[in-house]
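Protein sequence lines correspond, in order, to chains D and E. Numbering-wise, the first sequence is residues 1 to 228 according to our numbering. Numbering-wise, the second sequence is residues 1001 to 1268 according to our numbering.
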Amino acid sequence: MAIGIEGDAKVWRRRTPLAQIAIWAAWLAGASIFLACWQLISEKTIWPFVLDAPAQAADLAARMVPPDWSFMAKLWRPLWETVNIATLGTAIGVLVAIPVAYCAARNTTPSAILARPLALFIIVSSRSINSLIWALMLVTIVGPGVLAGILAIGLRSIGFCAKLLYEAIEEIDASQVEAVRATGASNAQVTAYGIVPQVMPAFAGVLVFRWDINIRESTVLGLLRPWC
Amino acid sequence: MTAAAAVSRRWRPPPLIKRAWLRWLLGLGGVIYLGLAFGTTEVNWARVWEGLPRGARFIAAFFPPDFTSRWGEIVEGIAESIWMTVVSTVVGIAISIPVGIGAARNIAPAPVFYLCRAFLALSRSFQEVILAIFFVKLFGFGPFAGFVTLAFATIGFYGKLLAEDIEDMHPAQAEAVRATGAGFLQWINFGVQPQVMPRMIGLGLYRLDINFRESAVLGIVGAGGIGATLNTSFERYEFDSAAAILLIIIGLVMLAEYCSGYLREWVR
């Protein structure tokens, strides 16, 4: 907060002059970056095609209405395959994600030096590559088809599920785990009765959420089929 | 009460689903579905077998990846992705601010609220790649279509979260500003904006991150960016160039995540 002088009256100002200049400079820098990027895009754009858009939209709309329902007969099988890709992919992703999450969570990891960084690396690399890129790789390796889709969705899901799951494991109530351990339970029993019931709701949520995302993702994976 | 009866009463964990018939029905349904799904999935094992050496070659291509032979195209593609990301995030957020304010129940009148909510729902309901195909048809090939796609997707994401954040704000502060006789814009600027700002800056950075990841695949359908280069190198089986591009993408995504985490800490 600062005080400015206007004539001989004191006026409330929100910021000191220096802060005002710094903010102004930050806005200037941001706006310049934006305009520079915009100019580079504009150079690469063929403007007549862009200006043509209303005509293209009208063409698209005219050809889309009415929808050709007789085509539905050919769609049932791809639809079934799409759902299968999403479900089986989610299943694979979750099955791999469980041990990864177990290794990545600070309170359950078997070794913080070896297993945890490895698990975190798996999570990051799975998350930073889009499922279309995974599919691009897998199509060249296992050939086009449902299998490539399932594996791509599965590989992509590992990171997401493992990340949310390991955060849930880290947030569990330690006193319950200790209570189970105090009864003389072995490590496996502690996991089964102390940890699993606590993360179960989060697990169910993650599973359904990822399945929902995967249905959308698997609808676009089919785009990669033509070229192989 | 005999000792034998006490021994046979062993404790069992309670089942997840209490009603027995529902438990069996769900289990049986699951098994039947999985059987059908596996049964109808056609896998060409001969082709998979044939592709395995190719997979090995692909993994081998990471050691070392070939940055040099397609360097020019890689740089151009990455630069294009970055421009698209920056411009689309800025434009998307700029448009989503009025839409988000309009979609907040405690600020906007009912007709505006329903209109803005409908618009947000519409822009969230399509996958980016499908939108990109649509916009490539409208605007022609190139980064402009990618820019429009990402900006459109940004509006849905950012507008919805902004609206929800405004709905969760503390009404007392906003009312105090209103009580001083502030006009609508002053009210938004001094009563509402300071409350939602820290979270919105964090979300803006997060969206920048998402837009960069998405811009890496839009090229596959012709909407500009690094995706086109990546697609070409896979098509020509130039795995060492593809490996180089993938490593650059992973590196940039991790850099963006690190920077945005740092910036978010700083804003808070």
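Each residue gets a CB set at the ideal place from its N, CA and C atoms; glycine is no exception. Because the structure is a prediction, the values reported are computed rather than measured.
Report task. Rank D:G89, D:A57, D:P48, D:V208 by C-alpha distance to the C-alpha of A135 of chain D and give the top, closest one. Result -> Sequence index remark: in the first sequence, residue 135 of chain D carries index 135 (1-based). Nearest option by C-alpha distance: D:G89.
Query raised in the report: Are there three or more Cβ pairs, one per stretch, closer than 8 Å when the stretch 1059 to 1068 of chain E is compared with the stretch 152 to 172 of chain D?
Result: Between the stretch 1059 to 1068 of chain E and the stretch 152 to 172 of chain D there are fewer than three C-beta pairs closer than 8 Å, too few to call the two in contact.
Report task. Identify whether G222 of chain D lies in helix, strand or coil by the three-state DSSP scheme. Result -> On the first sequence, residue 222 of chain D is found 222 positions in, with the first residue counted as 1. DSSP places G222 of chain D in helix when its eight states are reduced to three.
Requested in this report: Starting from the beta carbon of W1083 of chain E, find every residue of chain D whose beta carbon is closer than 7 Å, and list them in chain order.
Outcome: The count along the second sequence starts at 1 and reaches residue 1083 of chain E at position 83. For W1083 of chain E, the chain D residues whose Cβ falls inside 7 Å of its Cβ are C37, L40, I41, in order along the chain.
Requested in this report: Taking only runs that begin and end inside the stretch 1220 to 1247 of chain E, name each unbroken alpha helix (DSSP H) of 4 or more residues, in chain order.
Outcome: 1226 to 1235
Query - Check whether I1095 of chain E and I1155 of chain E have beta carbons under 8 Å apart - result: Mapped onto the second sequence, residue 1095 of chain E falls at position 95. Mapped onto the second sequence, residue 1155 of chain E falls at position 155. It is a contact, given that the beta carbons lie within the stated cut-off.
**Report entry** One or two residues paired with A1108 of chain E in a DSSP bridge
**Finding:** Taking the second sequence and counting its residues from 1, one reaches residue 1108 of chain E at position 108. A1108 of chain E pairs with nothing; no bridge assigned.
**Report entry** Local conformation of E6 of chain D per DSSP, three classes
**Finding:** Against the first sequence, residue 6 of chain D aligns to sequence position 6. Looking at E6 of chain D - three-state DSSP - the assignment turns out to be strand.
Requested in this report: Could you name the residues of chain E that T229 of chain D contacts, counting a contact when the two beta carbons are closer than 7 Å?
Outcome: This structure gives no information on residue 229 of chain D, because the portion of chain D shown stretches from 1 to 228.
**Report entry** Same chain only: Cβ atoms within 6 Å of M1001 of chain E, ignoring 5 sequence neighbours per side
**Finding:** On the second sequence, position 1 is the one that residue 1001 of chain E refers to. Confidence at M1001 of chain E is low in this model, with a pLDDT of 46, below 50, so its placement is unreliable and the value that follows should be read with caution. Cβ within range, chain order: n/a, list empty.
Requested in this report: Return the Cβ separation of C1116 of chain E and V1099 of chain E in integer angstroms, given the expectation that the two are a contact with Cβ distance under 8 Å.
Outcome: Start at 1 with the first residue of the second sequence, and residue 1116 of chain E comes out as number 116. Start at 1 with the first residue of the second sequence, and residue 1099 of chain E comes out as number 99. Indeed, because the Cβ distance is near 5 Å, the residues count as touching under 8 Å.
Requested in this report: Taking C-beta pairs closer than 7 Å, name the residues in chain E that F49 of chain D reaches, listed in chain order.
Outcome: For this step, residue 49 of chain D is matched to residue 49 along the first sequence. Result: F1139, G1140.
Report task. Could you tell me which chain E residues have their CB closer than 7 Å to the CB of I141 of chain D, listed as they occur along the chain? Result -> If you number the first sequence from 1, residue 141 of chain D lands on position 141. Within chain E, the residues near I141 of chain D are G1051, R1054, G1055, F1058.
**Report entry** Which residues DSSP lists as bridging V11 of chain D, in chain order
**Finding:** One-based indexing of the first sequence puts residue 11 of chain D at position 11. In the DSSP output, where bridge partners are listed per residue, V11 of chain D has D:G4.
Report task. Say whether the stretch 1168 to 1180 of chain E touches the stretch 1228 to 1236 of chain E, bearing in mind that this needs 3 or more beta-carbon pairs closer than 8 Å, one atom from each stretch. Result -> no
Query raised in the report: Between the C-alpha atoms of P17 of chain D and I3 of chain D, what's the straight-line distance to the nearest angstrom?
Result: Your numbering for residue 17 of chain D matches position 17 in the first sequence. Your numbering for residue 3 of chain D matches position 3 in the first sequence. Approximately 10 Å, taken between the alpha carbons.
**Report entry** Contact set for A1061 of chain E: own chain, Cβ-Cβ below 8 Å, skip 5 residues either direction
**Finding:** Here residue 1061 of chain E is taken as the residue at index 61 of the second sequence, counted from 1. Here the set comprises F1239, D1240, A1242, A1243.
Query raised in the report: Would C103 of chain D be called buried (16 or more neighbouring beta carbons within 10 Å of its own) or exposed?
Result: Indexing the first sequence from 1 puts residue 103 of chain D at position 103. Under this definition C103 of chain D is a buried residue.
Query raised in the report: Just how far apart, CA to CA, sit W211 of chain D and R156 of chain D?
Result: As a first step, residue 211 of chain D is located in the first sequence; it is residue number 211 there, counting from the start. As a first step, residue 156 of chain D is located in the first sequence; it is residue number 156 there, counting from the start. If I take the Cα positions, the gap works out to 12 Å.
Requested in this report: Enumerate, from N- to C-terminal direction, the unbroken alpha helix (DSSP H) stretches of 4 or more residues contained entirely within the stretch 45 to 120 of chain D.
Outcome: 47 to 51, 53 to 64, 72 to 104
Query raised in the report: Under the three-state reduction of DSSP, which class applies to Q1193 of chain E: helix, strand or coil?
Result: By 1-based counting over the second sequence, the position of residue 1193 of chain E is 193. In this structure, Q1193 of chain E counts as helix in the three-state DSSP scheme.
Report task. Identify, in the order they occur along the chain, each residue of the same chain with its Cβ nearer than 6 Å to the Cβ of L138 of chain D, setting aside the five sequence neighbours on each side. Result -> The residue you call residue 138 of chain D lines up with position 138 of the first sequence. Cβ neighbours of L138 of chain D beyond the five flanking positions: A148, L151, A152.
Requested in this report: Starting from V1217 of chain E, find everything on chain D with Cβ-Cβ shorter than 7 Å and list it in chain order.
Outcome: Counting from one through the second sequence, the residue named residue 1217 of chain E turns up at place 217. The contacting residues are N130, L132, I133.
Query raised in the report: Does the stretch 173 to 184 of chain D come close enough to the stretch 1072 to 1090 of chain E to have 3 or more Cβ pairs within less than 8 Å?
Result: no
**Report entry** Cβ-based contacts, 8 Å cut-off: residues of the stretch 144 to 166 of chain D near chain E
**Finding:** G145, V146, L147, I150
Query raised in the report: Is the shortest distance between the beta-carbon of P1143 of chain E and the beta-carbons of chain D less than 8 Å?
Result: If you number the second sequence from 1, residue 1143 of chain E lands on position 143. Yes, P1143 of chain E lies at the interface with chain D (some Cβ there is under 8 Å from its Cβ).
Requested in this report: Say whether chain E places a C-beta atom closer than 8 Å to the C-beta of M64 of chain D.
Outcome: In the first sequence, residue 64 of chain D corresponds to position 64, counting from 1. No - not a single Cβ of chain E is within 8 Å of the one on M64 of chain D.
**Report entry** Backbone secondary structure at E43 of chain D - three-state DSSP
**Finding:** For the purposes of this step, residue 43 of chain D is identified with residue 43 of the first sequence, where counting begins at 1. It is helical.
Query raised in the report: Got a sec: is the Cβ-Cβ distance from M1001 of chain E to anything in chain D below 8 Å?
Result: For the purposes of this step, residue 1001 of chain E is taken as residue 1 along the second sequence, with counting starting at 1. Because M1001 of chain E sits at a pLDDT of 46, beneath the cut-off of 50, its placement in the model cannot be relied upon, and the following sentence gives the value as read from the coordinates. Chain D contact via Cβ: absent.
Query raised in the report: Is there a Cβ from chain E that is less than 8 Å from the Cβ of Q56 of chain D?
Result: If you number the first sequence from 1, residue 56 of chain D lands on position 56. In terms of beta-carbon proximity, Q56 of chain D lines the interface with chain E, with at least one pair separated by less than 8 Å.
Query raised in the report: With 16 other CB atoms within 10 Å as the buried threshold, where does P226 of chain D fall?
Result: The residue labelled residue 226 of chain D in the question sits at position 226 within the first sequence. The pLDDT assigned to P226 of chain D is 44, lower than 50, so where the model puts this residue is not dependable, and the model offers no usable value.
Report task. Measuring only between beta-carbons, confirm whether N1189 of chain E sits less than 8 Å from chain D. Result -> The sequence position of residue 1189 of chain E within the second sequence is 189, counting from 1. So, not an interface residue.
Query raised in the report: Counting contacts by CB-CB distance shorter than 8 Å, is R1009 of chain E in contact with chain D?
Result: Your numbering for residue 1009 of chain E matches position 9 in the second sequence. No, no contact with chain D.
Query raised in the report: Name the chain E residues whose beta carbon is nearer than 7 Å to that of F34 of chain D?
Result: For this step, residue 34 of chain D is matched to residue 34 along the first sequence. Simply V1086, V1087, V1090.
**Report entry** Neighbour flag for R216 of chain D against chain E, beta carbons, 8 Å
**Finding:** Here residue 216 of chain D refers to the residue found at position 216 when the first sequence is read from its first residue. By this cut-off, R216 of chain D is an interface position.
Report task. With DSSP collapsed to three states, give me the class of E1175 of chain E. Result -> Here residue 1175 of chain E refers to the residue found at position 175 when the second sequence is read from its first residue. The answer is helix: DSSP assigns E1175 of chain E an H, G or I state.
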